Each structure stands twice: as structure tokens, then as C-alpha cells.
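Participant:
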């Protein structure tokens, strides 16, 4: 075979490889977009199906030995981080959302590290957009209620609990996790106080969950996950690729 023919074959093979790689990337991005569009449609239906807004507001407070404070923001987010943190990451998520599960798997350690080193505060804005994806059991709302229950009980354990909840996420279209399983997951994360189990069983903060979910949707956010860094929405493609979120956080520290 002549050198010219060999070189031509190499170029052709390289082009085929590039095309395959581009197709893979396009399929991955399309999958995320389809999930987001589905989430938007479901969220709009949920907004119309629940109107209860009565009930108590959770009280989330506390400061750890290393200065990490916990609070509840005006948007209903559970905030973890030092008061003077230079960067704030707000995550609007639904515990029934499979794309949110992927986001948590990719970024949980980054978020835990950033809170621990004091440079970043993370706001977990847990909503119930996907109640009609659990065969009438309202799993998204029950899971969001559990989020406020455990955060009010001990915010220091919240990030570990949050990661465990996504690891145990039931499939969309099923019956969701029963309350007994939510109580078990809370206990495994260190929430063993009987008051936690009672508040989960009684949906103590359900009214608050519904109100916050409507307010978040009314602000123009109708899909999950939606992530902001210092108030600026992070492009979806940066949330799941390598260390995209970490790079965005690092860039915000330099501003």
C-alpha cells in the first residue's frame, strides 16, 4: 500500500470517529432536553392540582462548630453555608426527578466540599413538581415534606440524607416510596428522634411544600433541576459534564 493511500485511510477513520463522537454527545444532550420538557409539562399539571397552603413553616436554624450556618431562605430553600460565603449555589430540585438524581450523583461531593471549606453556601430549593408521576401517592410532596422535617431536626446531616434519598429514588410512574421507607432512610442518616418519624407520617409541612412549589413555578422556574450560581442560571450542559459545576463555582470566586 502506498503512503498516500495509507494516509487517506487514516484521515477517513479519524473523520468517522469524530462523527460517532458528535452523535454520542448530541444524543446525550437530547436526552437531557427531553427529560426537561417532560418535567415542565408535569410541573404545570401539578401546579393546578394542589391548592393547600395552610400549615406550619419549618424552622431551620443552627451553626456548626466550623461556622456553617443553616437557615430557610425567602424562596423556601434550605441554606447551608457560612453567612459570608462568596458564592451561593441555589438548586431547585424535585426528589422524584430522575435528571435531578443524575445531577446529585455528579455533584454531591463538590457541593459538600464547597460548604465545608466555607467559600460557598448551597441553597436546596426542594419542590413537588412531579406529584402525578407516582400513581396517586404524591411521592414528590411527601419526599419534600421529609426534606423540611429533617432539615428542621438537624441541618448538619441534611446533605447526607439528600444524597441517600436520590440513591433510593423510585422510578417515575410507580407508587413512590411509602412513608415507612422515608422514615427508615431518615433514621439511616441519623434522624432517629420519634418526632421526625411522626412529622413524616403526618405530612407536617405539606402546606408549606405546596405554597413554595407554586411560588417557585410562578417565578418562571418550571423544570428541575434548575441551578443558579450567584443568581445566574447555569447552562444545563454544564451540570452533568465532568467538573462543570465546580469550574462555574471557581469562576464565581474570582469575580
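In full-length UniProt numbering, the protein residues as written are 1 to 255. Glycine included, each C-beta is placed from N, C-alpha and C at the ideal position. Fair warning: this is a prediction, and the values are worked out from it, not measured in the lab.
1. By the DSSP assignment, the beta strand (DSSP E) with residue 81 in it spans what residues?
2. Does the separation of the CB atoms of residue 96 and residue 172 fall below 8 Å?
3. Under 8 Å, do residue 131 and residue 119 count as touching if we go by C-beta distance?
4. Would you report the Cα separation of residue 218 and residue 92, rounded to the nearest angstrom?
5. Would you say residue 244 reaches chain D, if we count a Cβ-Cβ gap shorter than 8 Å as a contact?
6. Distance check for residue 213 and residue 207, CA to CA, integer angstroms please.
7. Short of 8 Å in beta carbon distance, which residues of its chain neighbour residue 110, apart from the five on each side in sequence? Order them along the chain.
8. CA-CA distance, residue 67 and residue 60?
9. Buried or exposed, going by whether 16 or more other CB atoms sit within 10 Å of the CB of residue 306?
10. According to DSSP, simplified to helix, strand and coil, what is residue 169?
11. Which class does residue 266 belong to by DSSP, given the choice of helix, strand or coil?
12. Can you give the Cα-Cα distance for residue 270 and residue 74, rounded to whole angstroms?
13. Shortest alpha-carbon distance to residue 188 belongs to which of 170, 157 and 175?
14. I'd like to confirm the pairing. Which residues does DSSP put opposite residue 177 in its beta bridges?
15. Do the region 189-201 and the region 149-167 make contact, defined as three or more Cβ pairs closer than 8 Å?
16. Leaving aside the five residues before and after residue 201 along the sequence, list all residues of the same chain whose C-beta is less than 8 Å from its C-beta, in chain order.
17. Classify residue 81 as buried or exposed, calling it buried when 16 or more other Cβ atoms lie within 10 Å of its own Cβ.
18. Can you tell me whether DSSP reads residue 233 as helix, strand or coil?
19. On the DSSP letters alone, give me the boundaries of the beta strand (DSSP E) that residue 93 sits inside.
20. Using a threshold of 8 Å, state whether the C-beta atoms of residue 144 and residue 63 are closer than that.
21. In this structure, what does DSSP give as the bridge partners for residue 71?
Facilitator: According to the structure data:
1. Start and end: 78-81.
2. In this structure, residue 172 lies closer than 8 Å to residue 96 by Cβ.
3. Cβ distance not < 8 Å, so residue 131 and residue 119 don't count as in contact.
4. Between residue 218 and residue 92, the C-alpha separation is close to 13 Å.
5. Although the question refers to chain D, the structure presented lacks it and comprises just one protein chain.
6. Residue 207 and residue 213: Cα-Cα distance of roughly 10 Å.
7. Cβ within range, chain order: 243, 245, 246 and 249.
8. Put simply, the backbone Cα of residue 67 is about 15 Å away from that of residue 60.
9. Since the first and last residues shown for the chain are 1 and 255, residue 306 lies out of range.
10. Collapsing the DSSP output to three states places residue 169 in coil.
11. With the chain covering 1 to 255 only, the question about residue 266 has no answer from this structure.
12. This structure leaves residue 270 out entirely; the chain is present only between 1 and 255.
13. Ranking the options by Cα distance to residue 188, first place goes to 157.
14. Paired residue(s): none; residue 177 is not in a bridge.
15. These segments touch.
16. The residues are 179 and 183.
17. When all chains shown are included, residue 81 counts as buried.
18. DSSP, read as helix, strand or coil, puts residue 233 in strand.
19. Unbroken beta strand (DSSP E) run through residue 93: 87-93.
20. No, the pair does not count as a contact, with Cβ atoms beyond the cut-off.
21. Looking at the DSSP assignment, residue 71 forms a beta bridge with 79.
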